[in-house]
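Numbering (UniProt numbering), first residue to last: 1 to 506.
A virtual CB, placed ideally from N, CA and C, is assigned to each residue, including glycine.
Please read these numbers as outputs of a predicted model, since none were measured by experiment.
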Amino acid sequence: MPKLRSIITIVAAGCALTSCNKFLDVKPKGKLIPSEVADFDKLLDNTGTAQYIFLDNNGGSMIGYLNDNLELSEGIAKVAYKANNHPNIDRFYAYTFRKPYRNPNTSDYFWDWGTYRAAAYYNNIIDGIGGLKSISNEDLPFARAVLAQARAGRGFQYFLHNLVYGPVYKPGTANNTRTIPYLTNADLNAPMVDLSTQEEVFKLAAKDLHAALPDAPAATNWPTRANKTAVQAMLAYYHLFTRRYDSVAHYANLAWTGATANGGPDRVIYDYNGFSWTNPGNILSSTIKAQDNFLDANNNREILLYRSEDRGAGRSSSSYPSAEFTGLFDAQADLRYTYYFLTAPGYKTSYNGVNYDDGQRVQFYRGSKTQLTSGFTYPEVLLMRAEAYARTGKLAEAVADLNLLRKYRFKTGTPPLGVGSQDDVIAEVLKERRRELPASGIKRFLDLKRLVLDAGKPWQKTKIVHKVGTETFEAGIDSDFFIMNIANTILQYNPHWNVPLDNRTF
1 MPKLRSIITI VAAGCALTSC NKFLDVKPKG KLIPSEVADF DKLLDNTGTA
51 QYIFLDNNGG SMIGYLNDNL ELSEGIAKVA YKANNHPNID RFYAYTFRKP
101 YRNPNTSDYF WDWGTYRAAA YYNNIIDGIG GLKSISNEDL PFARAVLAQA
151 RAGRGFQYFL HNLVYGPVYK PGTANNTRTI PYLTNADLNA PMVDLSTQEE
201 VFKLAAKDLH AALPDAPAAT NWPTRANKTA VQAMLAYYHL FTRRYDSVAH
251 YANLAWTGAT ANGGPDRVIY DYNGFSWTNP GNILSSTIKA QDNFLDANNN
301 REILLYRSED RGAGRSSSSY PSAEFTGLFD AQADLRYTYY FLTAPGYKTS
351 YNGVNYDDGQ RVQFYRGSKT QLTSGFTYPE VLLMRAEAYA RTGKLAEAVA
401 DLNLLRKYRF KTGTPPLGVG SQDDVIAEVL KERRRELPAS GIKRFLDLKR
451 LVLDAGKPWQ KTKIVHKVGT ETFEAGIDSD FFIMNIANTI LQYNPHWNVP
501 LDNRTF
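See the structure below:
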């Protein structure tokens with residue numbers, strides 16, 4: 001049935017109203033269809049809104065292997081991935097810039113289980129509340145808050161998907177590449193919309209985010225839901241790509257000052273100077289004792305908006321931290337190095353008479369010691385404000401934000417940074433941002449794409465170079481290698497998009 005399109009298992013919308021009730025406890029048997037605002041509110045708690053956002057079926061992210069934070073040893077690349085036909089061999093293909101990265105004739109997890117599954121819930125909520133026969137005056141504020149959370153979730157998810165499946169966004173140009181369908185109708189039988197251009201998606205996402213902001217609640221019951229601070233962070237992040245840095249500063253400042261109004265920075269940032277190992281004799285398996293017991297939880301104090309992230313990247317089961325990424329951290333003063341960069345046995349195997357032994361390797365254990373998010377943390381909000389200040393000439397303010405975060409990350413007594421030239425300050429902010437963001441996932445990927453526009457600046461890269469043994473692989477950032485392709489399983493049901501099927505050998 002062409003109208004159902006395989007655009008994703010948008011049947012997940014049906015799941016939202018039927019089998020997924022075991023997660024939601026929506027209604028007793030015989031009353032599964034949401035009929036009140038509270039019923040739609042509960043749909044926001046479904047794991048489908050956050051669980052597989054740009055992740056594969058094993059919780060990793062192929063996108064991270066396009067970046068410059070990870071590297072593969074010869075053994076991991078040639079044996080663990082290639083020779084063993086790893087179930088997520090797309091990571092190896094991404095690392096070696098071999099397209100298609102994924103089999104175009106199989107389900108696309110980013111699309112089916114990630115973006116459009118989440119969008120199905122959001123659209124059901126928006127259409128469902130809009131279709132209620134009446135909402136009492138007493139319930140009206142609640143209804144508006146639920147709608148705001150759904151619109152924010154939808155707008156931000158499509159915004160990210162557009163950037164992943166589209167080229168480098170270039171403000172001031174047409175940006176007329178057709179990228180993704182901005183699906184807003186929950187009706188499975190409605191005709192599938194056409195692909196929107198990249199610029200159209202930007203405008204539609206901005207419309208959703210701005211519509212959400214006035215009614216977004218000050219607090220939500222779980223960080224998978226967007227509260228007002230999260231929507232402000234979304235708008236700040238949105239404008240990093242429009243390069244309207246005055247708007248980045250405006251929204252990041254609203255988010256940061258609102259979040260720290262009661263309790264100050266201690267409320268939203270962990271002080272690494274207060275960390276210790278629960279088992280100092282075996283730090284590889286030890287947990288970290290922090291200021292509370294939630295460091296490894298989705299609702300730890302630093303997570304503003306939770307979306308699942310690749311927690312295994314940087315360890316020998318999948319990859320190592322790149323030498324460049326590791327070199328960003330001061331091994332003596334930066335406590336992130338102390339707690340996350342640990343030496344452990346590397347990959348070791350024999351294959352076809354060849355021995356591969358990586359020996360003792362420094363590996364990145366952040367994903368096993370703390371919770372990660374591809375949404376937002378409060379430190380990222382602070383760094384967005386710092387970048388905006390630096391780019392608009394407010395250098396002292398930018399450095400003040402940097403030093404505030406460093407106070408919580410570096411050993412007590414580490415000298416603060418001084419104010420340098422504008423380029424120096426921007427470079428320092430971006431280094432700190434790279435240290436704070438997850439090593440894998442989409443955030444570094446999208447930073448590389450937006451920063452490619454900073455021609456001639458010390459932080460700009462035009463290409464990424466990877467190595468496997470003596471072999472070198474490279475790809476331009478502003479190229480097709482940094483654009484995900486729509487799978488044939490989706491294209492074949494949408495011939496009106498006029499996008500040819502991908503017939504390349506996988």
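| Asked | Found |
| --- | --- |
| Contact between the region 375-386 and the region 85-94 is defined here as three or more beta-carbon pairs at a separation below 8 Å; is this criterion met? | no |
| Could you name the residues that DSSP lists as bridge partners for GLN360? | PRO345 |
| If you scan the region 159-244 from start to end, which runs of the alpha helix (DSSP H) of 4 or more residues do you find wholly inside it? | 198-212 and 228-242 |
| So THR338 is in the alpha helix (DSSP H); what residue range does that whole segment cover? | 335-340 |
| Quick test of the definition: if touching needs 3 or more C-beta pairs under 8 Å, does the region 301-313 touch the region 376-393? | yes |
| What are the uninterrupted segments assigned as beta strand (DSSP E) that are 3 or more residues long and contained completely in the region 269-324, given in chain order? | 303-305 |
| Which ranges does the alpha helix (DSSP H) cover as unbroken runs of at least 4 residues, wholly within the UniProt domain "RagB/SusD" (378-451), from first to last along the chain? | 378-391, 395-409, 422-436 and 442-451 |
| Please classify GLY367: does DSSP put it in a helix, a strand, or coil? | helix |
| So, using beta-carbon positions, are THR177 and THR197 closer together than 9 Å? | yes |
| Excluding sequence positions up to five away, which residues of its chain have a Cβ less than 7 Å from the Cβ of LYS431? | LEU328 |
| Which residues does DSSP pair with HIS466 in a beta bridge? | PHE473 |
| In whole angstroms, what separates the C-alpha of ASP187 from that of PHE156? | 21 Å |
| Let me know the secondary structure DSSP gives LEU70 once reduced to three states. | strand |
| So, with DSSP's three-state summary, where would you put VAL499? | coil |
| Roughly how far, in whole angstroms, is the beta-carbon of LEU342 from the beta-carbon of GLN363, given that I think they are within contact range, below 8 Å? | 6 Å |
| Using only the alpha-carbon positions, how far apart do VAL193 and GLU200 sit? | 13 Å |
| Have a look at ASN21 and LYS42 and give me their C-alpha separation to the nearest angstrom. | In this predicted model, ASN21 has a pLDDT of only 32, less than 50, meaning its place in the structure is not dependable; the value taken from the coordinates is given anyway. Computed Cα separation, rounded: 10 Å. |
| Smallest Cα separation from THR414: which of ALA333, GLY281 and GLU71? | ALA333 |
| Using DSSP with H/G/I as helix, E/B as strand and the rest coil, what is SER35? | coil |
| Out of GLY393, PRO34 and PRO217, state which residue places its alpha-carbon closest to the alpha-carbon of residue 514. | Any property of residue 514 remains undetermined from this structure, which presents the chain solely from 1 to 506. |
| Grab me the residues of ARG102's own chain with a C-beta within less than 8 Å of its C-beta, minus the 5 sequence neighbours each way, in chain order. | MET62, ASP90, TYR93, ASP108, ALA487 and PHE506 |
| Which value, in whole angstroms, describes the spacing of the CA atoms of GLU436 and VAL231? | 20 Å |
| What's the gap between the Cα of TYR339 and the Cα of SER440? | 18 Å |
| What's the gap between the Cα of ALA38 and the Cα of VAL419? | 51 Å |
| So for SER61, helix, strand or coil by DSSP? | coil |
| Is the region 68-86 in contact with the region 307-323, if contact means three or more CB pairs nearer than 8 Å? | yes |
| Name the one or two DSSP bridge partners that VAL354 has. | TYR351 |
| Among all the DSSP beta bridges, which residues are the ones paired with PHE376? | LEU305 |
| Using CA atoms only, rank isn't needed, just tell me which of THR470, SER368, LEU147 and ASP401 is closest to MET384. | ASP401 |
| Would ARG151 pass as a contact of TYR182 if the rule is Cβ separation under 9 Å? | no |
| What's the C-alpha gap between THR173 and ARG154? | 25 Å |
| Using a Cβ-Cβ cut-off of 8 Å (strictly less than) and excluding sequence neighbours within five positions of ALA216, which residues of its own chain qualify? | ALA145, ALA148, GLN149, ALA152, ALA226, ASN227, LYS228, ALA230 and VAL231 |
| Less than 8 Å between C-beta atoms, sequence neighbours within five positions excluded: which residues of the same chain meet that for TYR270? | ALA290, GLN291, LEU295, ASN300, ARG301, GLU302 and TYR408 |
| From ASP358 to GLY59, what distance separates their C-alpha atoms? | 24 Å |
| Could you tell me the alpha carbon to alpha carbon distance between ALA396 and PRO265, rounded to whole angstroms? | 19 Å |
| Mapping the DSSP letters down to three states, classify GLN149 as helix, strand or coil. | helix |
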